[in-house]
Each structure stands twice: as C-alpha cells, then as structure tokens.
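Heads up, the sequence shown is in our numbering, so the first residue is 3 and it goes up one at a time. Notes to accompany the following structure.
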Amino acid sequence: MKPWNDTDAMLFFDPHPAALPLFEAFAEKLYGLYPAAEMRVQKTQITFSNRHVFACVSFLHVKKKAELPDPYLVVTLGLSFPLASHRVAAKTEAYPGRWTTHIVIGAPSEIDSELMEWVRLAYDFSESK
C-alpha cells in the first residue's frame, strides 16, 4: 500500500474529491524523493515531516475564491528565505529566518521539477534545525 493511500488521507478529500489526483501526484513525487517521510493527516492539512514538518497540503484560501483553480491544492513549505516566484500565492516570515510559503496547484503538470526543488530545499532546511 502506498503511504499516502490510507483511510485518513482519503477521508480528508471527501469534501474535495476532484483534488485527490493532485494530492496523489504530489505524494508520489515526494515519496519518490523521501521514502522515509512521515505523513500525518490532520483536520485542516496533511503534513510531511522528517525531524520536523517540511511540507503540508491543504485547502487554505491563499487567494480569492475566484482566483483559485478548480480543483486546487495548496502546498505549503517552510523555507529559510522568501521565495521569489510568480507561483507563490502568499509568504510570511513566521519567525526570523523561517518563511512559510504557499503555492497553489491546479493541475498535476504543476507538480514539476521546480516545485520539487523547492520541496527539497524545505526538506533540507527542516533537517538542519
């Protein structure tokens, strides 16, 4: 069984079933890079961690509803710097030297090498804490 294909993860997508393929594509690429990553399904997000959380997926409204694709998924990364990209929907400096960065995904093709490089940076930053 794929680590992201558990009952809790499937229940998380009950209100947004069209977004499930986005999650599956993201999780497959993430676990391809980090097979030991731990996944935790919470009420409002699914987190991925090594020693600390490095990525989350959610339905956070980081843009106006009219600006969000349908379906969509928000990938949130913890980075050591403010990511400068047109793909970033929102970013905040949660505390000095730690930036919470939200990226909206609307199609599996957006889960590309650029996004996965940012996931790698978040993973490495999390490992360094």
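Quick reminder that beta carbons are idealized off the backbone N, C-alpha and C, glycines included. The structure presented is a predicted model; accordingly, all values stated were derived computationally and were not measured.
Thinking just about the alpha-carbon of each residue, which of the options is nearest to the one in residue i?
i: residue 42; options: 35, 68, 98 and 56; result: 56
i: residue 84; options: 95, 14 and 105; result: 95
i: residue 70; options: 81, 99 and 105; result: 105
i: residue 81; options: 7, 54 and 10; result: 54
Helix, strand or coil for residue i, going by three-state DSSP, please let me know.
i: residue 13; result: helix
i: residue 121; result: helix
i: residue 71; result: coil
i: residue 174; result: Within the shown structure, residues of the chain are numbered from 3 to 131, placing residue 174 beyond reach of any answer.
So, for residue i: in the same chain, excluding its five sequence neighbours on each side, which residues have a beta-carbon less than 6 angstroms away from its beta-carbon?
i: residue 58; result: 47, 49 and 78
i: residue 91; result: 64, 65, 104 and 106
Taking residue i as part of the beta strand (DSSP E), name the residues at either end of that continuous run.
i: residue 81; result: 75-81
Counting only the same chain and skipping the five closest in sequence on each side, list residues whose C-beta sits under 7 angstroms from that of residue i.
i: residue 5; result: 33 and 41
Subject >> Ordered list of beta strand (DSSP E) runs contained in the segment 85-111, each at least 3 residues >> reply: Counting whole runs of 3 or more residues, the segment 85-111 contains the beta strand (DSSP E) stretches 90-97 and 100-107.
Original post:
Going along the chain, which unbroken runs of the alpha helix (DSSP H) with 4 or more residues stay wholly within the segment 21-60?
Top reply: If only uninterrupted alpha helix (DSSP H) runs of at least 4 residues are considered, those enclosed by the segment 21-60 are 22-35.
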